[in-house]
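What follows is a set of notes on a single structure, which appears directly below.
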Amino acid sequence: MRWTKYFLPTSKEPPKDAEIVSHKLMSRAGMIDKISSGVYTYFPFGYRALKKVERIVREEMDRTGAVEFLMPALQPASLWKESGRLDEMGEEMIRFTDRHKRLMLFGPTHEEIVTDTVRKNINSWKQLPITLYQIQTKFRDEMRPRFGVVRAREFLMKDAYSFDRDEKGLEESYQKMRVAYTRIFKRCGLDCSIQQADSGVIGGKFSEEFVAKGECPELEVGHIFKLGTKYSESMKTFFIDSSGKEAPAVMGCYGIGVSRIVPAIIEGNNDDRGIVWPLSVAPFSVLLVPVNLENAAISGVGEKLYGALIDNGIDALYDDRDISAGMKFSDGDLIGIPLWAVIGKKFTEKGKIEIKIRKENRFVEVGVENATDWIIDYINKEKRCTTL
RNA sequence: CGGGGCGUAGCGCAGUCCGGUUUAGCGCGCAUGGUUUGGGACCAUGAGGUCCUCGGUUCAAAUCCGAGCGCCCCGACCA
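For the first sequence, numbering that gives the first Met the number 0 assigns the number 0 to the initial residue and increments by one for each residue that follows.
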């Protein structure tokens, strides 16, 4: 991507309402833009980070054998009446009456829908166990949104629901998810602890939450629940077991605040100059910095290197703006791309590209012809470390 | 939802107490021209405003009064 063709508005000053470092940096680095209290637009740079996280989540969920699908954000209140949660959820749930005077809501979570799906389509023990998941926008009318996208009223969530024949099966499904969660957060560069938690409105008998470390008092980035038969009993989700008797499916549900992971990563990966992305979730892997575009030799090599990186499938951002070197470096630090390839002084003096490793603040000089290979090697090496 | 604060150019703010030299300013950003080009450069010129909205007081309102809307902070709440 060429910076001049991209939409990446950076700024020196954080917005006045930003309190925590991740919120300040996400705003300054042109990742998000507040539209209303707790409601944000993801700008392209922020959206890329979100998609990187989403991909890791998806890969790890698929690895457990969970099956991806998509439920509606818009839901009829009637299903919630059935489960008994219509009154329980209160004002946090965004409700409205449609033109037919039917009470509708924007889903804050999806136990009711998925339970309905399973009761209509699964009736034998042979079809179990199954775990379904989706990555979708959730709506919660938080009393007090804050910390940027950390506690928003509209946010992206991965929610998974397991259905088992019995308690033993639930235990297995639950443990699979627990392992997957650990892998997901590790791959995202998050340092998480697992704590036993209150199950709240979701209910069930046991739950654990994954809490990311950082100055931010929130997060919690994931929460897994053993629901048991709370929903399957109230919503009559029964199957015929191997002895021919009717039994309620034993459920678990597992949430990850996908959009919350992004600020959590930044909380743990920044310095006084800006974000320091882990390679696994960085919006771009490489930042290409030609120091002076009016120097034909520099811009020539810049173009060549950019082309070579793109041809090799490396997601590179080419800073082709005609601005001072200082500005490029400052913006580069702010947006925190892991690898930089600087074409400047060392190039005009001795034909070397300077590769900066952002997190180590270390420079490596590489000959022009070796730069692409060096970068590819580095990226592959890092990938091996973080894929486990 | 209780308590507090704020709303003036794209962003950050001063001016509001004490109404009138204010043509409503400053910094950043933006545009044009020139000098620059390894850590947010400099000079010159310029564009950009329903002073949150509505109503009231007054000869006169960004400034005083009332209502509304929006945003933030503290608390309570939060799969």
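Where is the CB? At the ideal position from N, CA and C, for every residue including glycine.
| Item | Value |
| --- | --- |
| Reducing DSSP to helix, strand and coil, say where Cys187 ends up. | coil |
| Determine the extent of the beta strand (DSSP E) in which Glu90 is found, giving its start and end residues. | Looking at the DSSP string, Glu90 is not in any beta strand (DSSP E), and its letter there is neither H nor E. |
| Quick test of the definition: if touching needs 3 or more C-beta pairs under 8 Å, does the region 236-244 touch the region 15-29? | no |
| Would you kindly check if the distance between the Cβ of Leu127 and the Cβ of Gly251 is under 7 Å? | no |
| To which residues does DSSP link His222 through a beta bridge? | Glu208 and Gly254 |
| Using 8 Å as the Cβ pair cut-off and three pairs as the minimum, do the region 102-121 and the region 1-16 touch? | no |
| At 4 residues or longer, and completely inside the region 154-189: list those alpha helix (DSSP H) runs for me, N to C. | 166-186 |
| Give me the Cβ distance between Ala151 and Gly213, rounded to the nearest whole Å; I'm assuming they're in contact under 8 Å. | Ala151 to Gly213, Cβ: 17 Å. No contact. |
| Met103 by DSSP, collapsed to three states: which one? | strand |
| Here's the rule: buried if 16 or more other CB atoms are within 10 angstroms of the residue's CB, otherwise exposed. What is Cys187? | buried |
| Would you decide whether Ser390 is buried or exposed? Buried here means 16 or more other CB atoms lie within 10 Å of its CB. | The shown model of the chain, from 0 to 387, leaves out residue 390, and the question about it has no answer. |
| Okay, do the region 171-186 and the region 57-70 touch, 3+ Cβ pairs below 8 Å being the bar? | yes |
| Touching or not, the region 187-196 and the region 293-300, by the rule of three or more beta carbon pairs under 8 Å? | no |
| From what residue to what residue does the beta strand (DSSP E) around Thr130 run? | Ile129 to Phe138 |
| Measuring alpha carbon to alpha carbon, tell me which residue in Tyr305, Ile297, Met326 and Gly306 is nearest Lys349. | Ile297 |
| Look up Gly64 in the DSSP assignment and say whether it is helix, strand or coil. | coil |
| Taking only runs of the alpha helix (DSSP H) that begin and end inside the region 279-346, which ones reach a length of at least 4 residues, in chain order? | 295-310 and 324-334 |
| Out of Thr371, Ile201, Gly335 and Ile342, which has the shortest C-alpha to C-alpha gap to Ile356? | Gly335 |
| Ends of the beta strand (DSSP E) at Val149? | First-last for Val149: undefined, no H or E at that position. |
| Residue ranges of each beta strand (DSSP E) run of no fewer than 3 residues wholly in the region 22-73, ordered along the chain? | 31-35 and 38-41 |
| Can you tell me which of the three DSSP states Gly350 falls into? | coil |
| By a C-beta neighbour count over all protein chains shown, 10 Å radius and 16 as the cutoff for buried, is Thr96 buried or exposed? | exposed |
| Ala307 and Thr371: beta carbons closer than 7 Å? | yes |
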